[in-house]
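Working notes, beginning with the structure itself.
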Amino acid sequence: MKNKELRLLDIVPVTAPGILSQTMIEDMTKYLMKTTQVEHVQIEDGPVTIESEYDEAFAAPSVVQLAEDANRKQAFDGIFVNCFGDPGVRATREKLKTVVFGGFEPAMYLALGLGDSISIVTVLKNVVPMLTNAVRTAGITSRVTSIRTLDIPVLQLEQRSVLMTNLYRECQKAIVEDGASVIVMGCTGIVGIVEEMTTRLHQDGYDVPVLEAGQCAMLLTELYARLGVYPSRQTYMTPPSKMLEVERND
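Here it is in structure tokens:
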């Protein structure tokens, strides 16, 4: 499929208006092949942002429904659920025979090949238990040295100076105090920071790769789609159809 034009779907699993900025779109798609087309859609019913297990559960049904509806109109080669919490990802893999990723797995898979110890830097403390469980479920607990927080809500990530100040502080602590050799952004809303953050770390003697979740997810979704593979039906079994049986008293 190397010459095939691919169609990818980016599902924004929150309802906050304007959260999918042009900067985010350009940042997460800039490394894709020129023949790859990306359509961006946003759920209409769900949480404003995802900053807790509750928010993730609230978003999941709308994600699955939107993925089904969009794919019914035109088949997509891959779907990216635009959140590090992966809301509805596994359920969508069951429903659709196509590549489906959230933000967590691609970034962590790529980080595993770059260093032995990974630190995740995310938004708020509320997110830490959710990500801790994701790390445990993925079986990579021994490779994740820490999950650090910026203490910045998702809706305030556009405050660039505050973001970069807090981010550098936590990245430095992750390296010095936690022994991290790779830094992963634990929110797909953290965009456009790799070049500046990597340069600042290098200048201070920290030769450590920094990964953005959105970029990693879009690239891995494209790669799997280009390889022509999709989630195994031994793991992601198609949900059985159900018929409600009503007992009647004759």
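Following my numbering, the numbering of the sequence shown begins with 5 at its first residue and continues without gaps.
Backbone N, C-alpha and C define an ideal beta-carbon position, used for all residues, glycine too.
The alpha helix (DSSP H) that contains residue i, what's its start and end?
i, result
"residue 205", "198-207"
"residue 165", "164-180"
"residue 189", "No alpha helix (DSSP H) contains residue 189, which is instead part of the beta strand (DSSP E) from 186-189."
"residue 133", "132-142"
"residue 31", "26-33"
"residue 99", "93-99"
Using CA coordinates, which residue listed in the options is at the minimum distance from residue i?
i, options, result
"residue 242", "106, 139, 99", "99"
"residue 148", "73, 38, 179, 91", "179"
"residue 4", "191, 211, 190", "With the chain running from 5 to 254 in the structure shown, residue 4 is simply not present."
"residue 239", "120, 154, 101", "101"
"residue 169", "119, 14, 153", "153"
"residue 96", "120, 157, 105", "105"
"residue 79", "91, 92, 103", "103"
"residue 43", "203, 84, 155", "84"
"residue 205", "108, 187, 63", "187"
"residue 220", "16, 36, 26", "36"
"residue 89", "39, 197, 51", "51"
"residue 189", "183, 167, 209", "167"
"residue 161", "24, 143, 64", "24"
"residue 16", "65, 182, 155, 226", "65"
"residue 13", "127, 46, 19, 236", "46"
"residue 181", "122, 131, 237, 18", "122"
"residue 11", "63, 158, 77", "77"
"residue 144", "155, 57, 124", "124"
Which term fits residue i, buried or exposed, when burial requires 16 or more other beta carbons within 10 angstroms of its beta carbon?
i, result
"residue 30", "exposed"
"residue 28", "buried"
"residue 55", "buried"
"residue 146", "exposed"
"residue 228", "buried"
"residue 230", "buried"
"residue 222", "buried"
"residue 165", "exposed"
"residue 120", "exposed"
"residue 93", "buried"
"residue 21", "exposed"
"residue 203", "exposed"
"residue 232", "exposed"
Please list the terminal residues of the continuous beta strand (DSSP E) segment that includes residue i.
i, result
"residue 13", "11-16"
"residue 153", "148-153"
"residue 123", "122-126"
"residue 84", "82-85"
"residue 67", "Taken as a continuous stretch (DSSP letters only), residue 67 belongs to no beta strand (DSSP E), being part of the alpha helix (DSSP H) at 57-77."
Which residue or residues does DSSP assign as beta-bridge partners of residue i?
i, result
"residue 105", "84"
"residue 45", "15"
"residue 223", "DSSP output for residue 223 lists no bridge partner at all."
"residue 214", "187"
The region 215-232 contacting the region 106-120, beta-carbon criterion three pairs below 8 Å: yes
Inter-stretch contact (C-beta, 8 Å, three-pair minimum) for the region 185-202 and the region 66-75: no
Touch test, the region 167-182 against the region 137-144, Cβ-Cβ under 8 Å, three pairs minimum: no
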